[in-house]
Amino acid sequence: MRALFTAILLFAAASVSANTTPDERTRSATTVLKEMSAIPENSIPERLLAEAYAIAVVPDLTKAALVFGGRGGKGVISVRGADGAWSNPNYINVGGGSWGFQAGVQKSDLILVFTSKSGVDGIIKGKFTLGADAAVAAGPVGRNVQASTDENLKAEIYSYSRSKGLFAGVAIDGTVIRIDRKANETVYGDMASPASIFDGRTQTQNQAIIDFRNQLEEGSSRQAKK
Numbered sequence: 058m059r060a061l062f063t064a065i066l067l068f069a070a071a072s073v074s075a076n077t078t079p080d081e082r083t084r085s086a087t088t089v090l091k092e093m094s095a096i097p098e099n100s101i102p103e104r105l106l107a108e109a110y111a112i113a114v115v116p117d118l119t120k121a122a123l124v125f126g127g128r129g130g131k132g133v134i135s136v137r138g139a140d141g142a143w144s145n146p147n148y149i150n151v152g153g154g155s156w157g158f159q160a161g162v163q164k165s166d167l168i169l170v171f172t173s174k175s176g177v178d179g180i181i182k183g184k185f186t187l188g189a190d191a192a193v194a195a196g197p198v199g200r201n202v203q204a205s206t207d208e209n210l211k212a213e214i215y216s217y218s219r220s221k222g223l224f225a226g227v228a229i230d231g232t233v234i235r236i237d238r239k240a241n242e243t244v245y246g247d248m249a250s251p252a253s254i255f256d257g258r259t260q261t262q263n264q265a266i267i268d269f270r271n272q273l274e275e276g277s278s279r280q281a282k283k
């Protein structure tokens with residue numbers, strides 16, 4: 058019964074954000090990045106952004122709960138190449154369950170900052186679970202926090218949630234990330250693979266993707282100059 062109820066909640070949470078096209082999802086992710094840059098004092102540390110290997114953005118992650126809980130959403134993830142340029146994004150589905158005293162429905166924006174290649178490789182290979190397949194921690198907040206040099210901050214992935222305008226670190230162990238192959242095919246074509254999208258073998262002139270990459274470039278280059 059518990060598993061069934063959790064599955065129902067997961068489906069309900071995911072369906073809230075399922076009625077968006079890949080372009081709408083990409084534009085929403087770009088907006089989240091822009092708004093993040095507008096509040097540097099209460100946002101992701103500059104150093105962490107400047108040294109990130111990959112960044113995933115999930116706009117409107119929806120959490121629904123009544124004792125059993127589920128969260129679901131759709132987003133994008135890009136990796137930074139050896140030359141410092143950001144890749145075209147893969148589309149992803151995100152979901153997870155929880156148990157405990159809880160009730161209601163809540164939306165928030167989720168950003169995941171990957172500090173190494175291993176976590177991204179796990180996503181490419183298939184189902185990837187935060188906390189089980191890679192260490193994930195609630196990320197530090199504040200422009201002057203030197204996350205990458207702090208001995209106490211060694212996670213492979215840092216997670217942030219935004220509600221009511223401010224970003225804050227959030228614990229999301231157990232959240233599952235999968236490649237949204239249907240969305241990838243819609244944007245890049247049937248022959249595109251997650252790896253080919255990341256390494257530049259699959260190209261696109263999609264304006265929403267160009268805008269998303271430009272926003273990543275702008276944000277990371279701004280951090281690198283400081």
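Going by the working numbering, 133 is the number at position 76 of the sequence shown; the sequence numbering is gapless. In this text, a Cβ means the ideal position worked out from N, Cα and C, and glycines have one as well.
By a C-beta neighbour count over all protein chains shown, 10 Å radius and 16 as the cutoff for buried, is D256 buried or exposed?
As a first step, residue 256 must be located in the sequence shown, where it is residue number 199. Exposed: under 16 other Cβ atoms inside 10 Å.
Which partner residues of K91 appear in the DSSP bridge assignment?
Taking the first residue of the sequence shown as 1, we reach residue 91 at position 34. Looking at the DSSP assignment, K91 forms no beta bridge with any residue, so it has no partner.
Would you kindly work out how many angstroms separate the C-alpha atoms of V227 and K211, rounded to a whole number?
The sequence position of residue 227 within the sequence shown is 170, counting from 1. The sequence position of residue 211 within the sequence shown is 154, counting from 1. Distance between the alpha carbons of V227 and K211 is about 16 Å.
Look at the Cβ atom of Y217, then the Cβ atom of I180, and state whether they are nearer than 7 Å.
In the sequence shown, counting from the first residue as 1, residue 217 sits at position 160. In the sequence shown, counting from the first residue as 1, residue 180 sits at position 123. No, these two residues do not count as a Cβ contact at 7 Å.
So the beta strand (DSSP E) A194 belongs to, where does it begin and stop?
Along the sequence shown, read from residue 1 onward, the residue named residue 194 stands at position 137. Per DSSP, A194 belongs to the beta strand (DSSP E) from V193 to A195.
Enumerate in chain order the residues of its own chain whose CB-to-CB distance from R270 is below 6 Å, with the five nearest sequence positions on each side excluded.
As a first step, residue 270 must be located in the sequence shown, where it is residue number 213. Taken in chain order, the residues that qualify are W143.
Select from A265, A109 and E242 the residue whose C-alpha is nearest the C-alpha of T259.
What you label residue 259 is simply residue 202 of the sequence shown in a count that begins at 1. Nearest C-alpha to T259: E242.
Could I get the ranges of all uninterrupted alpha helix (DSSP H) runs contained in the region 108-187, with 4 residues as the minimum, in chain order?
Listed in chain order, they are 174-182.
Closest to R137 by CA distance: which of K131, I254 and T87 is it?
Counting from 1 along the sequence shown, the entry for residue 137 is found at position 80. When each option's Cα is compared against that of R137, the closest is I254.
Where does R219 sit, in a helix, a strand or coil, going by DSSP?
Position 162 of the sequence shown, counted from the first residue, corresponds to residue 219. Note: R219 maps to strand in three-state DSSP.
Counting pairs of beta carbons, one from the region 84-92 and one from the region 184-201, are three or more of them closer than 8 Å?
As far as the Cβ criterion goes, the region 84-92 does not touch the region 184-201, which means the pair count is below three.
What would DSSP say about E208, mapped onto helix, strand or coil?
Sequence index remark: in the sequence shown, residue 208 carries index 151 (1-based). Unreliable positioning characterises E208 in this predicted model, as indicated by a pLDDT of 44, which lies under 50. A coordinate reading is not provided.
Closest by CA to R235, which one among N147, A249 and I266?
For this step, residue 235 is matched to residue 178 along the sequence shown. Closest by alpha carbon: N147.
Could you work out which residue in R219, I134, I214 and G231 is closest to I96 when comparing CA atoms only?
As a position in the sequence shown, residue 96 is number 39, starting the count at 1. Minimum Cα distance to I96 is reached at R219.
Would you check if the distance between the CB atom of Q35 and the CB atom of K120 is smaller than 7 Å?
Lying before the first or after the last residue shown, residue 35 is absent from the chain, which here runs from 58 to 283.
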